[in-house]
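Heads up, this note's numbering is the position in the sequence shown plus 103, with the first residue counted as 1. Backbone N, C-alpha and C fix where the C-beta goes; we use that ideal spot for every residue, glycine too. Please read these numbers as outputs of a predicted model, since none were measured by experiment. I have placed the structure first, in the form of structure tokens, so that the comments after it can refer back to it.
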Amino acid sequence: MAKYAALRERLAAGLPQVRLQQALPASDGELALAHTPRYIQAVAEGGLTPAEQREIGFPWSPAMAERARRSVGATVQACRAAMAGEGIAANLAGGTHHAYAHKGGGFCVFNDTAVAARLMQAEWQRHGAARRQRPLRVAVIDLDVHQGNGTASIFRDDPSVFTLSLHGAKNFPFRKEPGDLDVDLPDGCDDATYIEALEWALHELERRFEPGLVIYLAGADPHEGDRLGRLKLTDDGMEARDRRVFEWVWQRRIPMAMTMAGGYGHDIESTLRVQFNTWRLAVSHWQRWQAALPAAQWHNGLP
104 MAKYAALRER
114 LAAGLPQVRL
124 QQALPASDGE
134 LALAHTPRYI
144 QAVAEGGLTP
154 AEQREIGFPW
164 SPAMAERARR
174 SVGATVQACR
184 AAMAGEGIAA
194 NLAGGTHHAY
204 AHKGGGFCVF
214 NDTAVAARLM
224 QAEWQRHGAA
234 RRQRPLRVAV
244 IDLDVHQGNG
254 TASIFRDDPS
264 VFTLSLHGAK
274 NFPFRKEPGD
284 LDVDLPDGCD
294 DATYIEALEW
304 ALHELERRFE
314 PGLVIYLAGA
324 DPHEGDRLGR
334 LKLTDDGMEA
344 RDRRVFEWVW
354 QRRIPMAMTM
364 AGGYGHDIES
374 TLRVQFNTWR
384 LAVSHWQRWQ
394 AALPAAQWHN
404 GLP
């Protein structure tokens, strides 16, 4: 948790354009868009079995349950802000992509991406007949070093959500769930190999899907300084990755919510450096949106 507090402090000091807000907790009804009633109740009431807690990676507590709800709520708020005219908004944490509908895993309790995507689709449908005829399609661009197995599982039979993942082939989870587009990367993958794979994946995404919202998991763990990542992206490579994603959504004028996902540097400073740089680039992306496209002109935004 120290990482998140340190990132918040660094953003407040170094990027005054970032407006920090406290996240509201997701409700049971919102969580039920992606999770089973039994699992929601177990997390709320401390009913997780010892085995379920071990799979998540930390013990249950009231604070853990509240934090999980607020992490989902933050991604929901980011999606709403992005679609209401900000162009991009972000969660300081989130990216809990190992959570399945019925269980958590890999330090993930609830799947914020899945809940937010389905809630945005539901809110979109409530705003007029024209939108009901044109459902909101959501693309998940997951660039955490670990495959988003929970997200892929939840959206397996849902053609309105496209899951794209670039991840370590030999890294956790060792049993991967098939997503819409999975790109396995070798141990030691360098900047050039990664960016080439990303370019191909974005081309495939454009060829196969037309999203009205992107949720970007900007994990810091592909970085060479990450103790769990097993890839070898430099600071420059991580910056090139983020720039390419931001440019891709900008060229298509797609609103985007961003989450931080994983980051486990040998020292916290290396992770913070990567994450701060991602936010710096995100601010530049936001400024471009605000200068070029006033909120009143948005065709995707929610009223």
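DSSP three-state assignment for MET186, whether helix, strand or coil: Counting from 1 along the sequence shown, the entry for residue 186 is found at position 83. In this structure, MET186 counts as helix in the three-state DSSP scheme.
Contact check, ASN252 vs ARG333, beta carbons under 8 Å: One-based indexing of the sequence shown puts residue 252 at position 149. One-based indexing of the sequence shown puts residue 333 at position 230. Their beta carbons are not under 8 Å apart, which means ASN252 does not touch ARG333 by this criterion.
Nearest-angstrom Cα separation, counted from ALA196 out to PHE277: In the sequence shown, the residue the question calls residue 277 occupies position 174. In the sequence shown, the residue the question calls residue 196 occupies position 93. Between PHE277 and ALA196, the C-alpha separation is close to 24 Å.
Of the residues ASP370, ARG376, MET186 and ALA255, the one placed nearest TYR203, counting alpha carbons only: Counting from one through the sequence shown, the residue named residue 203 turns up at place 100. The shortest Cα separation from TYR203 among ASP370, ARG376, MET186 and ALA255 belongs to ALA255.
Simplified DSSP state of ASP285, which is helix, strand or coil: By one-based count along the sequence shown, residue 285 stands at place 182. Of the three classes helix, strand and coil, the one that applies to ASP285 here is strand, per DSSP.
Contacting residues, own chain, Cβ-Cβ under 6 Å from ASP329 (five flanking each side not counted): Indexing the sequence shown from 1 puts residue 329 at position 226. Answer for ASP329: TYR367 and GLY368, listed in chain order.
Which of helix, strand or coil DSSP assigns to ASP329: Locating residue 329 in the sequence shown gives position 226, where the first residue counts as 1. Residue state, collapsed to three classes: strand.
Buried or exposed (CB count within 10 angstroms, at least 16 for buried), SER164: Walking along the sequence shown from the start, residue 164 turns up at place 61. It is exposed - the Cβ of SER164 has fewer than 16 other Cβ atoms within 10 Å.
Under 8 Å between C-beta atoms of THR216 and VAL243: Position 113 of the sequence shown holds residue 216. Position 140 of the sequence shown holds residue 243. In contact: THR216 and VAL243 (Cβ atoms closer than 8 Å).
Under 8 Å between C-beta atoms of MET223 and LEU316: In the sequence shown, the residue the question calls residue 223 occupies position 120. In the sequence shown, the residue the question calls residue 316 occupies position 213. In contact: MET223 and LEU316 (Cβ atoms closer than 8 Å).
Whole-number beta carbon distance between LEU375 and LEU110, since they are thought to touch under 8 Å: On the sequence shown, residue 110 is found 7 positions in, with the first residue counted as 1. On the sequence shown, residue 375 is found 272 positions in, with the first residue counted as 1. 6 Å between Cβ atoms; contact.
Test item: CB-CB of HIS326 and VAL264 under 8 Å: Locating residue 326 in the sequence shown gives position 223, where the first residue counts as 1. Locating residue 264 in the sequence shown gives position 161, where the first residue counts as 1. The answer is no: Cβ separation not under 8 Å.
Check whether ILE159 and ASN214 have beta carbons under 8 Å apart: In the sequence shown, the residue the question calls residue 159 occupies position 56. In the sequence shown, the residue the question calls residue 214 occupies position 111. Against a cut-off of 8 Å, the Cβ pair of ASN214 and ILE159 comes out as no contact.
THR139 vs HIS205 beta-carbon contact at 8 Å: Reading the sequence shown from its first residue, position 36 is the one you call residue 139. Reading the sequence shown from its first residue, position 102 is the one you call residue 205. Cβ atoms of THR139 and HIS205: closer than 8 Å.
Nearest-angstrom Cβ-Cβ length linking LEU246 and ARG344, presumed shorter than 8 Å: Working through the sequence shown from its first residue, we reach residue 246 at position 143. Working through the sequence shown from its first residue, we reach residue 344 at position 241. Yes, LEU246 and ARG344 are in contact; Cβ-Cβ is about 6 Å, under 8 Å.
Alpha carbon of VAL179 to alpha carbon of GLY150, nearest angstrom: If you number the sequence shown from 1, residue 179 lands on position 76. If you number the sequence shown from 1, residue 150 lands on position 47. Using only the alpha carbons, I get a separation of about 26 Å.
Coil, strand or helix - THR362 by DSSP: As a first step, residue 362 is located in the sequence shown; it is residue number 259 there, counting from the start. THR362 falls in the strand class under three-state DSSP.
Straight-line Cα distance separating CYS211 from ALA154: Against the sequence shown, residue 154 aligns to sequence position 51. Against the sequence shown, residue 211 aligns to sequence position 108. Their Cα atoms are separated by approximately 14 Å.
Length of the line joining the Cα atoms of ARG346 and ALA135: As a first step, residue 346 is located in the sequence shown; it is residue number 243 there, counting from the start. As a first step, residue 135 is located in the sequence shown; it is residue number 32 there, counting from the start. Answer to the nearest angstrom: the Cα atoms are 34 Å apart.
Collapsed DSSP secondary structure at ALA196 in the structure displayed: Against the sequence shown, residue 196 aligns to sequence position 93. Note: ALA196 maps to coil in three-state DSSP.
Proximity winner among ALA220, PRO281, TRP382 and ALA166, relative to GLN250 (alpha-carbon distances): Translated into the one-based positions of the sequence shown, residue 250 becomes position 147. Comparing Cα-Cα distances from GLN250 to each of ALA220, PRO281, TRP382 and ALA166, the minimum goes to PRO281.
Pairwise C-alpha distance: ALA272 and ALA137: As a first step, residue 137 must be located in the sequence shown, where it is residue number 34. As a first step, residue 272 must be located in the sequence shown, where it is residue number 169. So the alpha carbons of these two residues sit roughly 26 Å apart.
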